[in-house]
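Here the structure comes first, spelled out in structure tokens, and everything after it is commentary.
Number of protein chains: 2
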Amino acid sequence: MYIGIDVGGTNLKAGLVDESGHLVAVERTPLDFQSPEQFAAATAHLAAAVARKGSVGPEEIACVGMGLPGAVSHDTILFITNIPMQNVPIVKLFRQHFDVPLLLGNDADCAAVGEFFCGAGRGCQDLAVVTLGTGIGCGLVLGGRLRGGVASSEGGHITICQDGELCNCGRRGCWEQYASATALIRETKAAMAAHPKSLLHELAAQNGVEGKTVFQAAEAGDETALMVCQTYVRFLADGVISLVNMLRPEVVAIGGGVAGAPDALLLEPLRELVNRESYARHGGRSTQVLRAELGNDAGILGAALLQRAI
Amino acid sequence: MYIGIDVGGTNLKAGLVDESGHLVAVERTPLDFQSPEQFAAATAHLAAAVARKGSVGPEEIACVGMGLPGAVSHDTILFITNIPMQNVPIVKLFRQHFDVPLLLGNDADCAAVGEFFCGAGRGCQDLAVVTLGTGIGCGLVLGGRLRGGVASSEGGHITICQDGELCNCGRRGCWEQYASATALIRETKAAMAAHPKSLLHELAAQNGVEGKTVFQAAEAGDETALMVCQTYVRFLADGVISLVNMLRPEVVAIGGGVAGAPDALLLEPLRELVNRESYARHGGRSTQVLRAELGNDAGILGAALLQRAI
Numbered sequence: 001m002y003i004g005i006d007v008g009g010t011n012l013k014a015g016l017v018d019e020s021g022h023l024v025a026v027e028r029t030p031l032d033f034q035s036p037e038q039f040a041a042a043t044a045h046l047a048a049a050v051a052r053k054g055s056v057g058p059e060e061i062a063c064v065g066m067g068l069p070g071a072v073s074h075d076t077i078l079f080i081t082n083i084p085m086q087n088v089p090i091v092k093l094f095r096q097h098f099d100v101p102l103l104l105g106n107d108a109d110c111a112a113v114g115e116f117f118c119g120a121g122r123g124c125q126d127l128a129v130v131t132l133g134t135g136i137g138c139g140l141v142l143g144g145r146l147r148g149g150v151a152s153s154e155g156g157h158i159t160i161c162q163d164g165e166l167c168n169c170g171r172r173g174c175w176e177q178y179a180s181a182t183a184l185i186r187e188t189k190a191a192m193a194a195h196p197k198s199l200l201h202e203l204a205a206q207n208g209v210e211g212k213t214v215f216q217a218a219e220a221g222d223e224t225a226l227m228v229c230q231t232y233v234r235f236l237a238d239g240v241i242s243l244v245n246m247l248r249p250e251v252v253a254i255g256g257g258v259a260g261a262p263d264a265l266l267l268e269p270l271r272e273l274v275n276r277e278s279y280a281r282h283g284g285r286s287t288q289v290l291r292a293e294l295g296n297d298a299g300i301l302g303a304a305l306l307q308r309a310i
Numbered sequence: 001m002y003i004g005i006d007v008g009g010t011n012l013k014a015g016l017v018d019e020s021g022h023l024v025a026v027e028r029t030p031l032d033f034q035s036p037e038q039f040a041a042a043t044a045h046l047a048a049a050v051a052r053k054g055s056v057g058p059e060e061i062a063c064v065g066m067g068l069p070g071a072v073s074h075d076t077i078l079f080i081t082n083i084p085m086q087n088v089p090i091v092k093l094f095r096q097h098f099d100v101p102l103l104l105g106n107d108a109d110c111a112a113v114g115e116f117f118c119g120a121g122r123g124c125q126d127l128a129v130v131t132l133g134t135g136i137g138c139g140l141v142l143g144g145r146l147r148g149g150v151a152s153s154e155g156g157h158i159t160i161c162q163d164g165e166l167c168n169c170g171r172r173g174c175w176e177q178y179a180s181a182t183a184l185i186r187e188t189k190a191a192m193a194a195h196p197k198s199l200l201h202e203l204a205a206q207n208g209v210e211g212k213t214v215f216q217a218a219e220a221g222d223e224t225a226l227m228v229c230q231t232y233v234r235f236l237a238d239g240v241i242s243l244v245n246m247l248r249p250e251v252v253a254i255g256g257g258v259a260g261a262p263d264a265l266l267l268e269p270l271r272e273l274v275n276r277e278s279y280a281r282h283g284g285r286s287t288q289v290l291r292a293e294l295g296n297d298a299g300i301l302g303a304a305l306l307q308r309a310i
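Respectively, the protein sequence lines represent chains A and B.
Per UniProt numbering, residue 1 is the first one in the first sequence, and the count goes up by one each step.
Per UniProt numbering, residue 1 is the first one in the second sequence, and the count goes up by one each step.
This is the structure we're talking about:
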């Protein structure tokens, strides 16, 4: 049995996973960060709790994997986005409370490993998982092995637009400035300001502007929303095609909340652009563009199965 | 012993390579393409000739590697740029004349394998070789294994400029439209047209406009040439940084004729941009930008050693 821990900005989730990649039990707790020591204790107690919930003793756990929103080495948290930890020897601290081998992974990498073994990448050897959220996460499994650890991909920070929008990373024109959920919401708001009669205003009045707002309005036939969707898919395709040309994976799986959009507005036009413009159409193999399958479980499943992909 | 064959647009070159990666003997012949059968015979005879030259019998050759400017599978030439071959079962045809195991590789991949074992990538595990020529070739060795065969990289076709220059591949804004030797020559000519007093005209009158012309004029202090060099390095950096962010290799080696430019005009400003803008500076590991070391021998050395990288 394996345990996967998904460290989010506000919650910790742990899952007990069996040999065939099924989630047997899940435990959650708020993050409530106080110190690296307390964080290590909290994650260790959560792991112990999910093992108990599944009636499994620590000696039956092959290893625990932890997916973190930041950079890690094999035994240390190097730095984390949004949680104040730097160079924390987490493996040592964790095992003082729960003495089972602990592996660390970047959260985008864990999502890729999860999809590789249990989701959209089942049966393939080369998979890229592109997660559309606050930024763009990019996890790569190449030749059956995670391109992970410290050398994990920052595929959201490929340029698609010279001298374009300033990115948090300090570069200009990064893909995630155009194709993340954040970028989609920004463009939705800009379109609303320019088109006061758009249906977008009505939808936004109910729930605020979310990633899905523009797709709902487009489905209802709103021209402004349709235009925003088309531009967004074009930006998304620009990065996906660069990724495909660089690495020629068998599958690119699109994840994150935005990936839930209706096929006709997102995946279908995206596939059309990838098929039309990627280099592989000249021969060799083409890449399938799929929706990621595991949703919020990708992180814990991938963390749990990390050992098999490294 | 190994034999590497480098198939160029006008010449065939074969090299006999020993276990430690040294070129022991070389043979050349014009390509003179007539048919796939004649091509197979010509390459087989060239392999036999270089073995004889090194006084080595066919039974002492572990394998022959062939680097081709196009797409290949393990036993078939799928298509070749500039030589009319498609779906040619080259391994079968070749072995009718010289019965030694034959491996096929893309030429950019072979250059990467050569640099990995014998050049700028010695001792590292992750290497990208970017060759600046008519286009941009991109060979990747990741975790000590060539990312090759049919799935070989087309890293020259990552977008750096949305809706930019039309590329031969059908996409717009591809990196090679801005950072290949072809692009540099195009920009040099454009700068000459706009600046009739530039020293570039004097140099071009002697040898025509080549990739190196602009670097020669810049070294002599010509302002117009300096400007072209700076813009070119900016474009080159845009793609290199995307590659670095996507894959975080230990080394990126820059090859091709343009890479021979003075360090102060090419590699130094390129390194400065990569260090300033790549994501790795936030932690994790940074990528070294080096000059490729093997020049024209990279292709035969890499073809010869292909077996060790796949």
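For every residue, glycine included, the Cβ atom is placed at its ideal position computed from N, Cα and C.
Between the Cα of residue i and the Cα atoms of the options, which residue gives the shortest distance?
i: P30 (chain B); options: B:H22, B:L12 and B:Q38; result: B:L12
i: L273 (chain B); options: B:L236, B:Y2 and B:P262; result: B:L236
i: G137 (chain A); options: B:A304, B:M246 and B:R276; result: B:M246
i: T43 (chain B); options: B:A71, B:L102 and B:G133; result: B:L102
i: V244 (chain A); options: B:I80, B:L166, B:F117 and B:R171; result: B:R171
i: L146 (chain B); options: A:L146, A:G148 and A:L142; result: A:L142
i: G15 (chain B); options: B:Q307, B:R308, B:D297 and B:L199; result: B:D297
i: E277 (chain B); options: B:G156, B:D238 and B:A309; result: B:D238
i: Q96 (chain A); options: A:L290, A:G70, A:H45 and A:G121; result: A:H45
i: A48 (chain A); options: A:D32, A:E19, A:R28 and A:F33; result: A:R28
i: L305 (chain B); options: B:V113, B:G70, B:Q34 and B:T10; result: B:V113
i: R234 (chain B); options: B:Y178, B:G139, B:V91 and B:P196; result: B:Y178
i: A191 (chain B); options: B:E176, B:N207, B:W175 and B:T213; result: B:T213
i: R281 (chain A); options: B:G139, B:E154 and B:E202; result: B:E154
i: G211 (chain B); options: B:A261, B:K197, B:G164 and B:E202; result: B:A261
i: T10 (chain A); options: A:G21, A:F39, A:D222 and A:E202; result: A:F39
i: L182 (chain B); options: B:V7, B:V91, B:G257 and B:I3; result: In the sequence on display, residue 182 (chain B) carries Thr and not Leu. The shortest Cα separation from T182 (chain B) among B:V7, B:V91, B:G257 and B:I3 belongs to B:G257.
i: V56 (chain B); options: B:G21, B:I3, B:A205 and B:C124; result: B:I3
Any idea if residue i is buried or exposed, counting beta-carbon neighbours within 10 angstroms, 16 or more meaning buried?
i: R248 (chain A); result: buried
i: A193 (chain A); result: exposed
i: L166 (chain B); result: exposed
i: A108 (chain B); result: buried
i: G220 (chain B); result: Sequence check: residue 220 (chain B) is Ala here, not Gly. The residue in question, A220 (chain B), is exposed, as its Cβ has fewer than 16 Cβ neighbours within 10 Å.
i: P69 (chain B); result: buried
i: S180 (chain A); result: buried
i: E176 (chain A); result: buried
i: Q216 (chain A); result: buried
i: G144 (chain A); result: exposed
Which residues in the same chain as residue i place their Cβ atom closer than 6 Å to its Cβ, once the five residues preceding and following it in sequence are excluded?
i: V100 (chain A); result: P58, I61 and V64
i: L104 (chain B); result: M66 and V72
i: Y232 (chain B); result: L184
i: A25 (chain B); result: L16, V50, K53 and G54
i: R308 (chain A); result: none
i: Q288 (chain A); result: V251
i: A218 (chain B); result: A225, L226, C229 and L265
i: N106 (chain B); result: S152
Since residue i contacts residue j with CB under 8 Å, what's their CB separation in whole angstroms?
i: L127 (chain A); j: E37 (chain A); result: About 36 Å separates the two Cβ atoms, so there is no contact after all.
i: V240 (chain B); j: L270 (chain B); result: 7 Å
i: I158 (chain A); j: S242 (chain B); result: 4 Å
i: A111 (chain A); j: T81 (chain A); result: Wrong, their Cβ atoms sit about 15 Å apart, outside the cutoff.
i: I83 (chain A); j: A303 (chain A); result: About 16 Å separates the two Cβ atoms, so there is no contact after all.
i: L290 (chain B); j: L301 (chain B); result: Not a contact, Cβ separation roughly 17 Å.
Among the residues of its own chain, which have a CB less than 7 Å from the CB of residue i, if the five just before and after it don't count?
i: N87 (chain B); result: T76 and L78
i: K189 (chain B); result: V209
i: P89 (chain A); result: D75 and T76
i: A292 (chain B); result: E115, G119, A120, V129, A253, I254, G255, A259 and A298
i: D18 (chain B); result: M1 and V24
What does a CB cutoff of less than 8 Å around residue i pick up in its chain, not counting 5 residues either side in sequence?
i: Q162 (chain B); result: R172 and G173
i: D32 (chain B); result: A42
Is residue i near the ligand FAD, with its Cβ less than 7 Å from a heavy atom?
i: R52 (chain A); result: Judged by which ligands are present, the structure shown has none, so any question about the ligand FAD falls away.
What residues in the segment 165 to 183 of chain A have a beta carbon less than 7 Å from any beta carbon of chain B? C169, G170 and R171
Positions along the segment 224 to 252 of chain B whose CB lies within less than 9 Å of some CB in chain A: R234, F235, D238, G239, I241, S242, L243, V244, N245, M246, L247, R248, P249 and E250
Taking beta-carbon pairs under 9 Å, can you tell me which members of the segment 133 to 146 of chain A lie near chain B? C138, L140, L142, G143 and R145
May I ask you to list, following chain order, the residues of the segment 154 to 165 of chain B that have a beta carbon less than 7 Å from some beta carbon of chain A? E154, G155, H157, I158, T159, I160, C161 and Q162
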